[in-house]
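Notes for the one structure printed next.
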Amino acid sequence: MMDYNSRKLVPYIPPAEYDKVAREFLEQFYPDALKNPMPVPIEEIAKTGLGLDVQYICLSEELDIYGMTIFTDGAVEVYDPDEGLYDTKSFKAKTVLIDPEAVKKTNTGCRNNTIAHECVHWYKHRYYYKMQKFSLPRYAKYCKCRVDQLPESTDEDNIMESQAIGIAPRILMPKNTFVEAAEHLGVAYGKDNRSAICTLADFFDVSKQSVEIRLEECSLL
1 MMDYNSRKLV PYIPPAEYDK VAREFLEQFY PDALKNPMPV PIEEIAKTGL GLDVQYICLS
61 EELDIYGMTI FTDGAVEVYD PDEGLYDTKS FKAKTVLIDP EAVKKTNTGC RNNTIAHECV
121 HWYKHRYYYK MQKFSLPRYA KYCKCRVDQL PESTDEDNIM ESQAIGIAPR ILMPKNTFVE
181 AAEHLGVAYG KDNRSAICTL ADFFDVSKQS VEIRLEECSL L
């Protein structure tokens with residue numbers, strides 16, 4: 001049973017338990033990924049498993065927001081690049097907005113990681129945000145996932161953002177099957193692993209940077 005802050009409903013998830021949370025997520029929504037190495041169809045999981053409505057829409061002029069999860073019905077500010085203006089639109093709860101231009105700045109792996117990131121927010125953080133509906137009820141309660149976290153972010157925002165950042169790649173690259181794939185490619189200390197890293201990134205449909213970090217987390221680099 002996950003511990004929650006009883007007053008604010010922020011889950012307590014220490015980094016040592018991120019792999020456990022990712023495993024529990026996959027056990028519920030895509031257990032095959034825990035049996036054999038395979039790419040995780042995270043957008044399909046978001047839609048059919050969690051029941052999220054994934055939409056692609058521009059979120060900011062500066063392309064500094066990758067995605068947003070909406071927890072309650074209401075109005076949300078988005079950016080219209082054709083008009084060069086911000087606009088307010090209504091969205092339903094359980095909507096995930098992905099900025100295609102922001103994620104395009106990197107690669108497909110960034111898009112998948114962003115969707116996984118938003119899935120974590122819904123999976124673990126929805127109770128906190130739903131509780132916020134009692135203030136400013138006309139506006140939707142949501143979390144924006146930025147390229148760089150704002151200095152005015154609350155402690156709760158930072159805690160939940162850190163959790164999503166840590167858990168998302170573990171969903172896309174579950175530890176046991178990821179290690180199996182890496183060892184099959186001969187990844188090891190002191191070797192030139194660049195080719196294997198590229199192969200793993202293509203296979204799991206993530207970025208090379210995510211693969212390198214995951215290899216370090218799994219004590220393979």
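Be aware that the sequence shown starts at 1, since it is given in the numbering used here, and climbs by one per residue. Quick reminder that beta carbons are idealized off the backbone N, C-alpha and C, glycines included.
Between which two residues does the beta strand (DSSP E) containing residue i stretch?
i, result
"Asp155", "Note, Asp155: premise wrong, no beta strand (DSSP E); alpha helix (DSSP H) at 155 to 172."
"Tyr56", "53 to 56"
"Lys144", "142 to 146"
With which residues is residue i paired in a DSSP beta bridge?
i, result
"Tyr86", "Tyr79"
"Leu97", "Gln55, Met68"
"Phe91", "Gly74"
Only counting the same chain, and skipping five residues up and downstream in sequence, which positions put a Cβ closer than 8 Å to that of residue i?
i, result
"Pro151", "Confidence in Pro151 is poor, its pLDDT being 46 and thus under 50, which makes the residue's placement too unreliable to answer from."
"Pro38", "Per the sequence shown, the amino acid found at residue 38 is Met instead of Pro. Same-chain partners within the cutoff: Asp32, Thr177."
"Ile171", "Ala22, Phe25, Leu26, Val40, Ile42, Ala116, Cys119, Val120"
"Glu212", "Ile197, Leu221"
"Lys47", "Asp53, Val54"
"Ile159", "Val10"
"Phe230", "Residue 230 is absent from the model: the chain starts at 1 and stops at 221."
For residue i, which residues in the same chain have their Cβ closer than 7 Å to its Cβ, ignoring the five residues on either side in sequence?
i, result
"Tyr56", "Ile98, Pro100"
"Met131", "Leu9"
"Leu215", "Ala182, Val187, Leu221"
"Gly190", "none"
"Arg111", "Ile98, Val103"
"Gly109", "Ala201, Asp205, Val206, Ser207, Ser210"
"Lys175", "Asp19, Cys218"
Please list, in chain order, all residues of the same chain as residue i whose beta carbon is under 6 Å from its beta carbon, the five residues on each side excluded.
i, result
"Tyr129", "Phe71, Lys141"
"Met1", "In this predicted model, Met1 has a pLDDT of only 47, less than 50, meaning its place in the structure is not dependable enough to derive any value."
"Lys144", "Ile65, Met68"
"Ser230", "Residue 230 lies beyond the stretch modelled for the chain, which goes from 1 to 221, so this question has no answer here."
"Arg146", "Asp64, Ile65"
What residue does the alpha helix (DSSP H) around residue i start on, and which one ends it?
i, result
"Tyr18", "18 to 29"
"Ala196", "194 to 204"
"Ile213", "208 to 217"
"Lys47", "Unbroken run through Lys47: none, as it is neither H nor E."
"Lys175", "175 to 184"
Is the closest heavy atom of the ligand MN to the C-beta of residue i under 6 Å?
i, result
"Asp155", "The ligand MN is not part of the structure shown, which contains no ligands of any sort."
Please report the Cβ distance between residue i and residue j, rounded to the nearest whole angstrom; I am assuming they are in contact, meaning their Cβ atoms lie under 8 Å.
i, j, result
"Tyr79", "Leu59", "6 Å"
"Asp53", "Thr95", "5 Å"
"Tyr123", "Leu50", "7 Å"
"Pro169", "Ser210", "5 Å"
* Would you check if the stretch 187 to 197 and the stretch 61 to 69 touch, i.e. whether three or more CB-CB distances between them fall below 8 Å? => Taking a contact to require three or more Cβ pairs closer than 8 Å, the stretch 61 to 69 and the stretch 187 to 197 do not qualify as touching.
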